[in-house]
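Peer 1: One structure is given below, represented as structure tokens, and several questions about it will come after.
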Amino acid sequence: DAGVIQSPRHEVTEMGQEVTLRCKPISGHDYLFWYRQTMMRGLELLIYFNNNVPIDDSGMPEDRFSAKMPNASFSTLKIQPSEPRDSAVYFCASSFSLGLEIETQYFGPGTRLLVL
Amino acid sequence: AQSVAQPEDQVNVAEGNPLTVKCTYSVSGNPYLFWYVQYPNRGLQFLLKYITGDNLVKGSYGFEAEFNKSQTSFHLKKPSALVSDSALYFCAVRVLPGDDKIIFGKGTRLHILP
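The listed protein sequences correspond, in order, to chains L and R.
According to the numbering used here, the first sequence holds residues 1 to 116 in order.
According to the numbering used here, the second sequence holds residues 1 to 114 in order.
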């Protein structure tokens, strides 16, 4: 398996532009997580899905952020409009449930976003 | 409130010496605990986890962690450090049994000195 795939790996944009980050989870995984990592705030959970349904979006910082999962093999995180303080590394992770247990999360390589 | 703490921002260890990276937690109910490692410009990689059973958990790359319920700790250890172990290490805890989220600590940067 190729693991979790994220694109683009790097994104440089100007303030006010729309940014779309993409994620393909590991085949067969039914959970998908979006995280943001910065030096100041560390690793933050933004939102997660189970079977394509958003379960908890309490970590989404503002209405400028939105996430979708139209099918089991694809998710997007959109920022519109982007601001310099959104600059961070955004990670996608996936896992599968085993009974009532949630197993290990597998992380993608991340998208490094710079908003000028 | 559920939380996990890594009291050290950075740990320096000479190559060949034993290493310990500390983690303490606070949860309601039984804790599910994890260690992840992040190498430069990479995503996090799973090292090991404790769900139930033996308090000493063995993981990847020769790492192990000891679950101590009385001290609410889950310290990461390795008997002999390698320079290649230099990375950022995250402790994480499952919020509640039945909840799908895990909370990550702020991370500890481990430097192994040649």
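Backbone N, C-alpha and C fix where the C-beta goes; we use that ideal spot for every residue, glycine too.
Just the chain R side, please: which residues come within less than 9 Å of ILE55 (chain L) by C-beta, in chain order?
Peer 2: ASP100 and LYS101, listed in chain order.
Peer 1: So ASP57 (chain L) is in the beta strand (DSSP E); what residue range does that whole segment cover?
Peer 2: Premise fails: ASP57 (chain L) is in no beta strand (DSSP E) and is neither H nor E.
Peer 1: Within the same chain, show all residues whose beta-carbon is closer than 6 Å to that of LYS78 (chain R), passing over the 5 residues directly before and after it, in chain order.
Peer 2: Answer for LYS78 (chain R): LEU19, GLY62 and PHE63, listed in chain order.
Peer 1: Pull up the DSSP beta-bridge partners for CYS92 (chain L), would you.
Peer 2: Answer by DSSP bridge pairing, in chain order: L:TRP34.
Peer 1: Are there three or more Cβ pairs, one per stretch, closer than 8 Å when the segment 31–42 of chain L is compared with the segment 88–95 of chain L?
Peer 2: Touching, per the Cβ criterion.
Peer 1: Please report the straight-line C-alpha distance between ASN52 (chain L) and ALA72 (chain L), rounded to a whole angstrom.
Peer 2: About 6 Å.
Peer 1: Would you call SER58 (chain L) buried or exposed, if buried means 16 or more other Cβ atoms sit within 10 Å of its Cβ?
Peer 2: Burial call: exposed.
Peer 1: Applying a beta-carbon distance threshold of less than 8 Å, which residues of chain L neighbour LEU33 (chain R)?
Peer 2: Under the 8 Å cutoff, chain L gives no residues; its nearest Cβ is about 12 Å from LEU33 (chain R).
Peer 1: Would VAL12 (chain L) and LEU116 (chain L) be called neighbours here (beta carbons separated by less than 8 Å)?
Peer 2: A contact, by the Cβ cut-off of 8 Å.
Peer 1: Have a look at R:THR108, R:SER60 and R:GLY53 and flag the residue whose alpha-carbon is nearest the alpha-carbon of GLY42 (chain L).
Peer 2: Among R:THR108, R:SER60 and R:GLY53, the Cα nearest to that of GLY42 (chain L) belongs to R:THR108.
Peer 1: Give the straight-line distance between the Cα atoms of LEU114 (chain L) and GLN6 (chain R), rounded to the nearest whole angstrom.
Peer 2: Computed Cα separation, rounded: 28 Å.
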